[in-house]
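As you go down the protein sequences, you meet chains A and B in turn. Under this note's numbering, the first residue of the first sequence is numbered 1, with each subsequent residue one higher. Under this note's numbering, the first residue of the second sequence is numbered 1001, with each subsequent residue one higher. Ideal placement from N, C-alpha and C gives every residue a C-beta, glycine not left out. All values reported here derive from a predicted model rather than from experimental measurement.
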Amino acid sequence: MVRDGLFNDGDPPALLGTRCAACGSVHFPRADACTYCATEDPEPIELSRRGTLWAWTAVTAPPPGYKGEVPFGVGVVELPEGVRVITRLTESDPAALVEGQAMELRIVPLHRDEEGNDVVTYAFAPA
Amino acid sequence: MTGVTVAGVGLHPFGRFDGVSTTDMGVVAVRAALGEAGIGKGDFQAAFCGTAYGGVATGHKVLSRLGMTGMPIVDVEAGCASGGAALMLAAAAIRAGQYDTVLVFGTEKMPRGIIRSSFFEPWQEEAGLAATPAFFGLRAQRLCLTSGVTKEHLAQVVVKNRRHGASNPDAMYQKETTVEAVLGSRVVCDPLHLFMLCSPNEGAAALVLRRADLARSGVTLAAAVLRSHIPGSVLSESTPLAGLAADEVPAPTTLAATDAYEAAGLGPSDLHVVECQDTDAARELGSCEELGLCEPGGSAALLDSGATTLGGRLPVNPSGGLLSKGEPLGASALGQVVELVRQLRGECGPRQVEGARVALSHTVGRGANAGVVILTR
């Protein structure tokens, strides 16, 4: 897992967020204090696995610190909680995607670490 | 409140200069600005230096080389708006009566290639979520979806700015380009092609600010504002991992512009020339909307009208913009201000905006930080 606390990789997987008890805003990743109203200790929640595509592109050259394959998709998926999430996409051809299409959470491999373990992260795939 | 005048400006050209250090470039720009202002050692009471990659005591190293230390020297980092932040602090100190004369400069040597930013956590890099051009691409795509901007519009921005830059001897690229060449360059992050992205590079810029009643003449600094973001916009320069499903969160640029217009007692319709953040071609169009140069969604029509081209109603980036000059983070905002001071003085030759008396500069970058400066003559 690329970083603990971002998502659970069970079946089904889920992104881990928080919801503010005062203003109802939803945060990802989990926040210590509401980024919108500064109320402390928002409630831990799991975010919806399905959403709709809001923006997308593909990265064609490896950015600094990245050890995986290129090209890879990056986009924004809107979830029913009223939150837009920056995410990898399993689709790296921008022409194959359309605004508003249904997307679903996946856990995908990034690369293999020095000990031979697959490092995984969250991504969204066309549903 | 005391007015603030720009008493002198100086520049080290923007480009790639092997064997020339961050300090070397800062010395060139500072010497030129002090020379124009006709001042030297002991004549300014503070110095603010914008830099993001310069390292510890960048400003001190420049002023030590010139034998001019002893006063407060403060390095200022605010991403792409570092120089704007330095200018805001210097102007505020003069307005408050703390100092009469302040040196403001910025100097930078950027690493080559896609900018590696310490802003991101290691896991974001590992996951491929620290690719700066991807965020530019996503923002560009949203602009295309909401403002009727096409890839041809994006290419036209590059063609315009490179045409302007062709007569700027301080620009990195001084050669015109064509829509075909821009669209023929490789796709970096759709819809952005390589030529639609500015090059991180090297350079320095400097200004001497002075209490207006002490200056013989000069350009007036009517406003120098810095704002950070209000959370909620997923594609804001604050580069969050999530935002609200809401489109009405004001951009940091809009916040800074609103404050600057109010401070100067001016509005967008009073402007004669603008230098704005064009880190990528879509960013210039988005900046035009966020600065109120056109209605929201109106940037493609503004470009199509020719208004933002030299000779048009409101030339944007007559220097060639960052697309021609490249972007040395700590120096880029002050480089814009140097250009606008020269425009207001009528010194810009083939790229002169005739009769320019009111000018606005704008930078926005990681943080988010947005800086807006208004100058008048």
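- Using a CB distance cut-off of 7 Å, C1189/B counts as an interface residue toward chain A.
- E114/A does not reach chain B, its nearest Cβ partner there being about 13 Å away, counting only Cβ pairs nearer than 9 Å.
- Here the alpha carbons of G1326/B and M1025/B stand approximately 15 Å from one another.
- Nearest to A33/A by alpha-carbon distance, out of V120/A, R19/A and I45/A, is R19/A.
- Counting only residues of its own chain and dropping the five nearest sequence neighbours on each side, R1031/B has a CB closer than 8 Å to the CB of G1010 and L1066.
- D1247/B is classed as exposed because its beta carbon has fewer than 16 other beta carbons within 10 Å across all chains shown.
- Taken in chain order, the whole alpha helix (DSSP H) runs of length 4 or more contained in the region 1108-1147 of chain B are 1122-1126 and 1132-1147.
- Contact of P94/A with chain B is assigned, a C-beta pair being separated by under 7 Å.
- By the rule that beta-carbons nearer than 7 Å mark a contact, V2/A touches chain B.
- With respect to the C-alpha of A1134/B, the residue from R50/A, P62/A, T52/A and P29/A having the closest C-alpha is P62/A.
- In terms of Cα proximity to S1021/B, the closest of E1347/B, Y1053/B and G1035/B is Y1053/B.
- A distance of 7 Å or more separates the beta carbons of R88/A and G1243/B.
- Nearest to V1316/B by C-alpha distance, out of P1191/B, G1371/B, V1274/B and S1118/B, is V1274/B.
- Residues are counted here when their Cβ sits less than 7 Å from a Cβ of chain A; for the region 1242-1253 of chain B these are A1242, G1243, L1244 and A1245, given in chain order.
- By the beta-carbon neighbour count (other beta carbons within 10 angstroms, threshold 16), L1214/B is exposed.
- Under the Cβ criterion of 7 Å, L1138/B is counted among the residues facing chain A.
- For L1360/B, same chain residues with a beta-carbon under 6 Å away, outside a window of 5 residues either side, are L1271, V1274 and I1374 in chain order.
- For the options R1342/B, F1120/B, L1255/B and V1062/B, the alpha carbon positioned closest to that of I1073/B is the one of V1062/B.
- Annotation: R49/A has no Cβ neighbours in chain B at a cutoff of 9 Å; minimum Cβ distance is about 15 Å.
- In the three-state reduction of the DSSP assignment, G1003/B falls in the coil class.
- Approximately 5 Å separates the beta-carbon atoms of A1224/B and L1087/B; this is inside 8 Å, confirming the contact.
- E1295/B and G1306/B have their C-alpha atoms some 16 Å from each other.
- Just measuring C-alpha positions, the residue of A1300/B, A1166/B and G1137/B sitting nearest S1324/B is A1166/B.
- By the criterion of a C-beta distance shorter than 8 Å, E46/A is surrounded in its chain by N8, A14, L15, L16 and G17, once the five residues flanking it on both sides are discounted.
- P1231/B has a beta carbon lying within less than 7 Å of a beta carbon in chain A.
- Non-local beta-carbon contacts of V1358/B in its own chain, meaning distances under 6 Å to residues more than five positions away in sequence, involve D1270, L1271, H1272 and T1376 in chain order.
- The closest CA to that of G1084/B, considering only G1019/B, F1105/B, A1093/B and T1132/B, is found on F1105/B.
- Ranked by how close their Cα comes to the Cα of Y1099/B, the residues S1287/B, L1344/B and F1044/B have F1044/B in first place.
- Residue pairing of R112/A in beta bridges, as defined by DSSP: D118/A.
- Under the three-state reduction of DSSP, E1284/B is assigned to helix.
- Note that the region 1143-1155 of chain B touches the region 1285-1304 of chain B; at least 3 beta-carbon pairs, one per stretch, sit closer than 8 Å.
- Judged by beta-carbon spacing, G73/A lies beyond the 7 Å limit of L110/A, meaning their Cβ atoms are not closer than that value.
- Contact annotation: in the region 1152-1170 of chain B, no residue has its CB less than 9 Å from a CB in chain A.
- Using a Cβ-Cβ cut-off of 7 Å, I86/A is close to L1129, V1234, L1241 and A1242 of chain B, given in chain order.
- Against chain B, the beta carbon of G82/A has neighbours under 8 Å at L1244, A1245 and A1246, listed in chain order.
- Closer than 7 Å to the CB of V74/A there is at least one CB belonging to chain B.
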